[in-house]
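According to this note's numbering, the sequence shown is numbered sequentially starting from -8.
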Amino acid sequence: SLDRLLELLSDIMCDVSHAMYAWVQTENEILSEMRTRKESNPNQVAIPKNANSRDNITMETTETKIKELLFDDLALKRIGGFHPSS
């Protein structure tokens, strides 16, 4: 029925909205932590814990770290996955 469809869409939009907000907050925290590390030791590059080398400090590395911190398999399924086409 139309009411059920609207309820499902509303739930999905709420989940996605919360996920987006959490993403932005977590990204800001990670970048702030990296800046703080860099400021406290200017001769050392602040490398995320899961990075293997300086070359790995990319947006993709940051996105992967955020995804691992925020989402389990069920959460990813509820928001449609973690791909550009999702």
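Using N, Cα and C, we set each Cβ at its ideal position, and we do this for glycine too.
- Judged by DSSP in its simplified three-state form, D6 adopts helix.
- Cβ atoms of L65 and T17 stay farther apart than 8 angstroms, at about 18 angstroms.
- In the three-state DSSP reduction, D64 falls in the helix class (H, G or I).
- The C-alpha of I3 lies about 39 angstroms from the C-alpha of K29.
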